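These notes are about the structure you will find just below.
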Amino acid sequence: MYVYILGGFLGSGKTSLLMRLASMYIERKLRVALLVNESGEVGVDGATLKAEGYDAIELPNGCICCSLSGTLQNALRNIKSDIDPDIIIIEPTGLALPHKVKELVRISMIDPDGCFIIGIVDVQRFDDLIKKKGEFFKRQMHGSDFILVNKSDLANPQRLDEIKSWMSSEFPEKPLLSISVKTGENLDKVYEMMK
Ligand SMILES: Nc1nc2c(ncn2[C@@H]2O[C@H](COP(=O)(O)OP(=O)(O)OP(=O)(O)O)[C@@H](O)[C@H]2O)c(=O)[nH]1
Ligand SMILES: [Mg+2]
440 MYVYILGGFL
450 GSGKTSLLMR
460 LASMYIERKL
470 RVALLVNESG
480 EVGVDGATLK
490 AEGYDAIELP
500 NGCICCSLSG
510 TLQNALRNIK
520 SDIDPDIIII
530 EPTGLALPHK
540 VKELVRISMI
550 DPDGCFIIGI
560 VDVQRFDDLI
570 KKKGEFFKRQ
580 MHGSDFILVN
590 KSDLANPQRL
600 DEIKSWMSSE
610 FPEKPLLSIS
620 VKTGENLDKV
630 YEMMK
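Reminder that position 145 of the sequence shown reads as 584 in this note's numbering, one-by-one numbering, no gaps.
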């Protein structure tokens, strides 16, 4: 069993990607469990600091496969014992720090074969995010095993290159790929990276 955590700011495309990946796994007859942590927070300008103190994740009632579980760790243990999927994909809120989620996975004792963080960057709001929440953004990306620059359909090639250069100078060791969940660009490559 492999666990993937989708890290990325509010609106970066986590849920969209989660659904596309889930259907790719299902098409290939793999069992996938999704854990989504709704933020319920809209217009959360001042909430970034609050998110930095995130210790545990409370799952919403609408949690896809574990509506009885109150916490991420319980949910993970229940998923493992009840479903035992090939893949678990977790979407924390856009204000969570994914490396903290990874730590929760580690101490939950579900003992996955691997646990990876996928960082998602929003092309459309890139400048704004860097300007207003640059430090938080970097902390969010810091723990990623690879980084996806999403919404490539909304940027011209030059702009896309600028963003990718910025990301690779900031995170030189991390694999980087531009994708569009909307058009499907490079999603097959993402799938390959995840196996
Ligand atoms: N043009 C374009 N829009 C996209 C793409 N991916 C996602 N979106 C749109 O971006 C918006 C936010 O996408 P979500 O998948 O809800 O993003 P999220 O990260 O789950 O958002 P939160 O859970 O609120 O943090 C939606 O309107 C999506 O349709 C893409 O590749 N291109
Ligand atoms: Mg979402």
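For each residue, glycine too, the CB sits at the ideal point set by N, CA and C.
Small disclaimer: the values here were computed from a predicted structure and weren't measured.
Kindly list the residues whose CB is nearer than 8 Å to the CB of residue i, restricted to its own chain and excluding five residues on each side of it in sequence; keep chain order.
{"i": "LEU599", "result": "VAL562, VAL588, SER591 and SER617"}
{"i": "ILE546", "result": "GLN512"}
{"i": "GLU624", "result": "SER591, ASP592, SER617 and ILE618"}
Taking the continuous beta strand (DSSP E) assigned at residue i, which residues delimit it?
{"i": "ALA472", "result": "471-475"}
{"i": "ASN513", "result": "Taken as a continuous stretch (DSSP letters only), ASN513 belongs to no beta strand (DSSP E), being part of the alpha helix (DSSP H) at 511-521."}
{"i": "ILE618", "result": "Segment: none, ILE618 is in no beta strand (DSSP E) and carries neither H nor E."}
{"i": "LEU445", "result": "441-447"}
{"i": "GLU530", "result": "526-530"}
{"i": "ILE559", "result": "553-561"}
{"i": "LEU534", "result": "Segment: none, LEU534 is in no beta strand (DSSP E) and carries neither H nor E."}
Does the Cβ-Cβ distance between residue i and residue j come in under 8 Å?
{"i": "PRO551", "j": "VAL544", "result": "yes"}
{"i": "TYR441", "j": "ILE557", "result": "no"}
{"i": "MET463", "j": "TYR630", "result": "yes"}
{"i": "MET580", "j": "PHE610", "result": "yes"}
{"i": "ILE559", "j": "LEU460", "result": "no"}
{"i": "ILE586", "j": "LEU615", "result": "yes"}
{"i": "ALA514", "j": "LEU474", "result": "yes"}
{"i": "ILE549", "j": "ARG516", "result": "yes"}
When the Cα of residue i is compared with those of the options, which residue comes out closest?
{"i": "ILE529", "options": "VAL471, GLN579 and SER520", "result": "VAL471"}
{"i": "PHE575", "options": "MET458, GLY533 and ASN517", "result": "GLY533"}
{"i": "PHE565", "options": "GLY446, LEU445 and SER451", "result": "SER451"}
{"i": "VAL620", "options": "GLY447, LYS453 and LEU445", "result": "LYS453"}
{"i": "SER607", "options": "PHE555, SER583 and GLY446", "result": "SER583"}
{"i": "LEU449", "options": "ALA594, PRO531, LYS577 and VAL540", "result": "PRO531"}
{"i": "ASN476", "options": "GLY447, ARG467, LYS468 and GLU466", "result": "GLY447"}
{"i": "LYS468", "options": "LYS628, ILE526 and LYS577", "result": "ILE526"}
{"i": "GLY540", "options": "THR510, SER520 and ASP627", "result": "The sequence shown places Val at residue 540, rather than the Gly named in the question. Out of THR510, SER520 and ASP627, THR510 has the C-alpha closest to the C-alpha of VAL540."}
For residue i, which residues from the same chain have a beta carbon less than 7 Å from its beta carbon, with the 5 sequence-adjacent residues on both sides left out?
{"i": "PRO524", "result": "MET440, ARG470, VAL471, ALA472 and ILE518"}
{"i": "GLU612", "result": "none"}
Under 6 Å Cβ to Cβ from residue i, same chain only, skipping five residues before and after it: list those, please.
{"i": "LYS489", "result": "Low confidence applies to LYS489: its pLDDT is 36, below 50, so where it sits in the model is not reliable, and the reading given next is rough at best. Counting only Cβ-Cβ distances below 6 Å, and skipping sequence neighbours, we find nothing."}
{"i": "ASN500", "result": "Below a pLDDT of 50, predicted positions are generally treated as unreliable, and ASN500, at 42, falls in that range; no measurement from the model is reported."}
{"i": "SER455", "result": "VAL620"}
Open item on the list: Just to be sure I understand the criterion: a residue counts if its Cβ is closer than 6 Å to at least one heavy atom of ligand 1. Which residues meet that?
Closed with: GLY447, LEU449, GLY450, SER451, GLY452, LYS453, THR454, SER455, GLY533, ASN589, LYS590, ASP592, LEU593, SER619, VAL620 and LYS621
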